[in-house]
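Protein chains in written order, with the numbering used here: chain S, 59 to 556; chain U, 96 to 564.
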């Protein structure tokens, strides 16, 4: 029941907040933070109770829902789902505690903001915890609804257009996904949406065109969500116009649904087909890596630059997944790549989450993302500088921080399978390093412009949240074993399971 | 005569007659009791239909009246939808001099639609179509001193007159071909092989006649006007209920045809044009009721997908019924909101509505999300089953087109949702006084979620339906 509770509690909290008008924003914030932390705590307990040597899916709950279609409430975790879900819950707690993007004006409707965040937490955890394809799709779609209202209502710039574009674009992807899911469902003799059945039976193994089409639809659906170049065009505007904390969720959690989906559906359910197309996927991922980094380098807008580095980092993840799917005998390398891809998901969630929260702090203070207008903040705001430096160094892959663990494993695995892609991919890391160092220089060093004389340093809740995220980043960088154990178990089941 | 087989229909007929008499003799300010009478008649009809639900499929009245799962399920759906229409009406019509008669017309329209769904004889199909049409024209133009209502009624009537004539011609040609109008005889006659040119003409005429009631291409043009101009409760009825009968009647009719007529291709063609046209036309509407009218056209296109794969996929009929039920709930809930908002129609007037009328706005947003097919609302299961039968029946391309259309439709539904929830608006919002419309929209909103979560019941009820023939 622990997983059902972990994703049910936030939903309940959202209903309580939305259903009653007697809350004020402060109470709502603490209630939401409490509920989100409780959900995180439950996941941590589930993690402690998770046995890497045990069965593949643990903490499984199964309840009847629509038996005549083979749909049921099935939740459960393997190591990959568990770690990504726990990271998501942590990021949600951080986002809820972090001050909302109000530019100092009191806003009446913050109660609903927290209600929507809790709703989004519930459905996001649902995506990672579901063991039923239809349930997965249900949560996948609902996350769009939650994000639509969060961007549209609390964003800045042109939030309605950004929200609409986000919803339409990603909904197109999710409908492709739905068709593919039905395709998978119909391929079973006794149709069922149970993921475990599909993983076990491998119904599409060796069935040429049909499997290829299902695979294509699945990958397109997930590629839009991840997003992979050239299907990324919804992302920059959604990020720039979303409030800072919501951007953190969008990058930290929602993007993971795409890459997680690639692991859970195509890699687990149709590995033969994936193996056939793995080189193509890997090349697309490489394009995303290099293109994302180059475009990020060209941005003069703080948030846009970080948004594009997300494309670059998600490219690493997909590269790792493609290597894991590759048709090669080197099981250890493929396993390493998959472990790296999963760690990248966790690391990117924490690091980019922290970066977008920092963006929110900038917007909160000046309403300006153009880093040409900044400079010399190191002395003015030492805490902000410190956390930014840490997060950006983590993001560019500095050893002893979380990003390095992930990228090292991905590239080590890739080098064994597709050496040329690894060589070209490393260029991405180089560009990322350049762009982050450049950004650090322009934001924090040099001369302090006159209008920033009053620039306040981080507030208590801001540095409190960032400390927790920074701690997680460092711990994963220094002692990743607690994270690697469950992931490696799942990776060996996935890759060695043929 | 097996009168017992048509007891639900008789109760509707008696109810309508009683209401006409009641409205003639009772003072106008008590006419809302006619709504209670209508609900009573519908309730009795539902109670009398329920025992028919589990029975074996059979034909009654010398093979002209089908009593099979499809007919009974469609009948129940029509009755429940009719009850919701009646329940949202009283306050809207409170000041109308002819308030009471409205409900009699509603009951006659329901009766006509039920006849369409149950007809196992081409002549009876014609009578059902005509009865529901004749009762619907005055409903559309009920506010006869208001020009848009008259325009809507006139458009509805003209297109209806033309297509009903075509339908009759089609039935006559069919009669000339096989010498009978009963479906069993037609099926037997066609199986022997006939002049295919005449059969194509007959099929085209009958299908055209039914597209009018479905509001599908090419006889869809009345729908946006009726949705915009007729009284909101009448619009609720006319956008939903005739579709149910027409879809079942069309399915029943095409299942008689021999494969060389290529009716699958014809219906698929109509489905694609209807859904695409409806969605593209809805994109740029700045009038919410007109937008719902066009969306209703596009939804007919989706429903036709299930008819395309009839018999190719065993779940086609259940999918059709589940989809119709989900569409009916969502559209009725949307129109209940519009009724409660006194027919508010311009999109600009919906700006910021979520702050002043949170309940109504929420139900409208949920209804629209259900029309898109966002899970776990009931509309999702409708679409899911349609996609499933389309893929299973080998019409994957049709499912892909429907998916593309669904994305397009999301755009205009979200425009309304964004106007209500994200924009800020000015001005006071006037709503109907009294509990009827408000209660109906709440019931609609609850049904959207509860039937979605409890989709098993809906799917279970329709799982084993089939035609008696």
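Cβ coordinates follow ideal geometry from the N, Cα and C atoms, glycine included.
Distance between residue 502 of chain U and residue 491 of chain S (C-alpha atoms, nearest Å): 39 Å
Sequence-distant residues of its chain with Cβ nearer than 6 Å to residue 549 of chain S (five each side left out): 393, 396 and 397
Expected contact under 8 Å - CB spacing of residue 415 of chain S and residue 306 of chain S to nearest Å: 5 Å
Alpha-carbon spacing of residue 445 of chain S relative to residue 540 of chain U, whole angstroms: 47 Å
Cβ of residue 225 of chain S within 8 Å of any chain U Cβ: yes
Where the beta strand (DSSP E) containing residue 130 of chain S begins and where it ends: 129–135
Exposed unless 16 or more other CB atoms sit within 10 angstroms - verdict on residue 556 of chain S: Because the pLDDT of residue 556 of chain S is 44, which lies under 50, any placement of that residue in the model is unreliable, and the number read from its coordinates should be weighed accordingly. Answer is exposed; the Cβ neighbour count stays below 16.
Beta-carbon spacing of residue 299 of chain U, residue 395 of chain U below 8 Å: no
Coarse secondary structure for residue 408 of chain U, derived from DSSP in three states: strand
Limits of the alpha helix (DSSP H) - the one that residue 199 of chain S falls within: 191–212
C-alpha distance - residue 173 of chain S paired with residue 532 of chain U, whole-angstrom precision: 28 Å
contact_flag[the stretch 127–142 of chain S, the stretch 100–113 of chain S] where n(CB pairs < 8 Å) is 3 or more: yes
C-beta neighbour in chain S for residue 348 of chain U, strict 8 Å: no
Within 7 Å of chain S by C-beta, residues of the stretch 502–521 of chain U in sequence order: 502, 505, 506, 509, 513, 516 and 517
Alpha-carbon spacing of residue 367 of chain S relative to residue 552 of chain S, whole angstroms: 28 Å
Residue from U/187, U/193 and U/294 with nearest C-alpha to residue 116 of chain U: U/193
Cutoff 7 Å; reference residue 556 of chain U; Cβ partners in own chain excluding five residues on either side: 168
Min CB distance residue 464 of chain U to chain S below 8 Å: yes
Whole runs of the alpha helix (DSSP H) within the stretch 213–270 of chain U, excluding any shorter than 4 residues: 217–235
Beta-carbon proximity list for residue 469 of chain S, same chain, < 6 Å, skipping 5 on both sides: 480
Cβ-based contacts, 9 Å cut-off: residues of the stretch 113–139 of chain S near chain U: 122, 123, 124, 125, 126, 127 and 129
Neighbourhood of residue 436 of chain S by C-beta, 7 Å cutoff - its chain only, sequence neighbours within 5 removed: 443, 502 and 503
The stretch 213–238 of chain S: positions lying closer than 8 Å to chain U by Cβ: 217, 218, 221, 222, 225, 226, 229, 230, 233, 234, 236 and 237
Partner residues on chain S for residue 482 of chain U, Cβ-Cβ distance less than 7 Å: 236, 237 and 240
Residues within the stretch 484–498 of chain U neighbouring chain S, beta-carbon criterion of under 8 Å: 486, 487, 491, 494, 495 and 498
Environment of residue 487 of chain U [buried if 16+ CB atoms lie within 10 Å]: buried
Residues bridged to residue 153 of chain U [DSSP beta-bridge criterion]: U/162
With 16 other Cβ atoms within 10 Å as the buried cut-off, status of residue 381 of chain U: exposed
Minimum C-alpha distance to residue 380 of chain S - residue among S/447, S/476, S/404 and S/461: S/476
Beta-bridge partners of residue 124 of chain S, as assigned by DSSP: S/129
Residues in the stretch 421–443 of chain U having any Cβ partner in chain C nearer than 7 Å: Considering every chain present, this structure includes no chain C. Its protein chains are S and U.
Under the three-state DSSP convention, the category residue 359 of chain S falls into: strand
Inter-residue Cα distance where the pair is residue 234 of chain U and residue 257 of chain S: 56 Å
Residue 170 of chain S and residue 94 of chain S closer than 8 Å at C-beta: no
Short CB-CB distance (under 8 Å) between residue 199 of chain U and chain S: no
Chain S contact for residue 470 of chain U (CB, 8 Å cutoff): yes
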